[in-house]
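What follows is a short report on a single structure.
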Amino acid sequence: MFKANENYLKLPGNYLFSMVASKIDAYGKQNPDKAARIVRLGIGDVTQPLAPSIVSALHGAVDEMASAGTFRGYAPDLGYDFLRETIAREDFATRGATVHPDEVFVSDGAKSDSANIQEIFSSDARIAVCDPVYPVYVDSNVMAGRTGTYDQKTGLWSNVVYMPCTQENGFVADLPAADANVSIIYLCFPNNPTGAVIDRARLQAWVDYANEHGAVIVYDAAYEAYISDPALPHSIYECDGARTCAIEIRSFSKNAGFTGTRLGYTVVPRDLKDADGTSLRDLWARRHGTKFNGAPYIVQRAGEAVYSEEGKRETREQISFYMENARIILDGLRSAGYEVSGGVNAPYIWLKVPDGMTSWGFFDHLLESVQVVGTPGSGFGPSGEGYFRLTAFGSRESALEAVSRIKAL
Ligand code: PLP
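Under our numbering, the sequence shown has 299 at position 158, and the numbering climbs by one with no breaks.
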């Protein structure tokens, strides 16, 4: 009799957002009169429609697909040159970072890339993650059998190095010990869920650590467009030496509203080699060629439009809109006496729950008392206990309403 992949069976049940959804559902059924009042600041999905210049590029590409002379079949596995060249120029050269178009791999988004990138490392590579963290990095390594055994009590895996992000370190993890023996370090800035950012000197210290200890940093910059402080780095390749130790993952989801349209990319520099001199760039190209048949032409044209002058202006306006929500939530909660962080260079607000409450306790309290939904920090890792994440991706009304209800608690 066949057997299923036993690594999948090790995954703890109840994905965070399913648990949130089932609690909302149960509350709505028990309180039908209040169900319509629920304000959702939980899931990190955008709400603004695609910008006009992007929609126009989509329409144009659809028309091309409708005519024999301009129809396109399979896209190149690694992405169309028009998009890879635009990305290399606009996202990196303009910031003084060196990334060549043939080091850019276009994909259907950062979730797939951040989950799949572990495949090109040896099966005994040890990973290090921030705690709390976007769950995909750990879960994809669980599926690959790299993480050891799970401790129900602590919520930790035996073969994962956890790097706590706490109030004390400003929610930016400290470097692992010199003898931590980590091969893959996952970093994400601006951070989901804490909204924390990293400055150039601290990011440089990570790059230096990785080069010194023979580790690779997988740098998830999905929220890069939310950085407003001009001194902060947008890409890890702004640091010296990053081309020999870093992979960067980007998404069009949060900078341009592509959560439903799907587009992202990963940069693997040619200078990134393993202990035997194997090029990770070539392995990723091989993987992409075997397991991925290219992002749709239509969507890649839409991605290109994000970098046009109108595209830049329109998407900047959307980001400003969300960041005004963030300001409303941050200022409102602060004036109500809550301790809050993030929300300045990131669309997430990280709130310390009142003393004596757990993250889930505060979730229930907000849902039952004022019908506001956020995400319990403990769902992102043990160090998230005692915290709560609110997102700025909703409508203006929902941000204002949530704040006024929480203030009235
Ligand atoms: N990385 C982080 C840190 C995220 O928070 C998210 C989505 O919420 C993603 C990646 C996924 O992005 P995409 O929509 O491109 O798959």
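Where a beta carbon is used, it is the ideal one built from N, C-alpha and C, also for glycine.
Since the structure is predicted, the reported quantities are computational estimates derived from the model, not experimental observations.
For residue i: DSSP bridge partner residues
i: G405; result: S248 and S392
i: F312; result: Answer is none; F312 lacks a bridge partner.
i: W491; result: S482 and R530
i: A387; result: I358
i: V301; result: I268
i: I326; result: A269 and I358
i: T288; result: Looking at the DSSP assignment, T288 forms no beta bridge with any residue, so it has no partner.
i: K414; result: S420
i: T516; result: R530
i: R181; result: V514
Same chain only: Cβ atoms within 8 Å of residue i, ignoring 5 sequence neighbours per side
i: G289; result: W298, S299, N300 and V301
i: L152; result: D280, V283 and M284
i: N257; result: S281, R428 and K432
i: L413; result: V357, R384, T385, C386, A387, I388, S420, L421 and R422
i: N146; result: M284
i: G237; result: E379
Buried versus exposed, by CB contacts within 10 Å (16 or more), residue i
i: R411; result: exposed
i: K294; result: exposed
i: G332; result: Reading off the sequence, residue 332 comes out as Asn, not Gly. Buried is the call here.
i: A372; result: exposed
i: R384; result: buried
i: T532; result: buried
i: E353; result: exposed
i: K144; result: exposed
i: T239; result: exposed
i: A251; result: buried
i: P334; result: buried
i: E365; result: buried
i: D472; result: exposed
i: S159; result: exposed
i: Y463; result: buried
i: P173; result: exposed
i: V481; result: buried
Neighbourhood of residue i by C-beta, 6 Å cutoff - its chain only, sequence neighbours within 5 removed
i: Q259; result: S281, N282 and A285
i: T516; result: G183 and R530
i: A356; result: V323, S324 and I326
i: A503; result: It is worth fixing the name first, because residue 503 is Phe in this sequence and not Ala. Cβ within range, chain order: V494 and F529.
i: V205; result: Residue identity check: residue 205 is Glu in the sequence provided, not Val. These residues qualify, in order along the chain: T211.
i: P374; result: R341 and L344
i: I87; result: Summary: the structure shown does not reach residue 87, with the chain confined to residues 142 through 550, and so no result is reported for it.
i: D370; result: N486
i: G220; result: V247
i: G382; result: V348 and N352
Close-in-space but distant-in-sequence residues of the same chain around residue i (CB under 7 Å, 5 per side omitted)
i: A176; result: G169
i: F262; result: S324 and I325
i: L224; result: V247, Q441, G444 and E445
i: F393; result: F399, L404, G405, G444 and V447
i: Y291; result: K151, P153 and W298
i: L541; result: I469
message: Considering only heavy atoms of ligand 1 and the C-beta of each residue, which residues fall inside 6 Å, strictly closer?
response: G185, G250, A251, K252, S255, Y275, C329, N333, D361, A363, S392, S394, T400 and G405
message: If contact is defined by three or more beta carbon pairs under 8 Å, each pair taking one atom from either stretch, is the region 510–524 in contact with the region 493–502?
response: yes
field: Three CB pairs or more closer than 8 Å across the region 452–469 and the region 423–430
entry: no
- request: May I ask you to verify whether the region 180–194 touches the region 382–402, counting CB pairs closer than 8 Å and requiring at least 3?
  value: yes
The region 245–260 contacting the region 434–441, beta-carbon criterion three pairs below 8 Å: yes
message: Taking 8 Å as the cut-off, does the region 472–485 touch the region 225–242 (at least 3 CB pairs, one atom from each stretch)?
response: no
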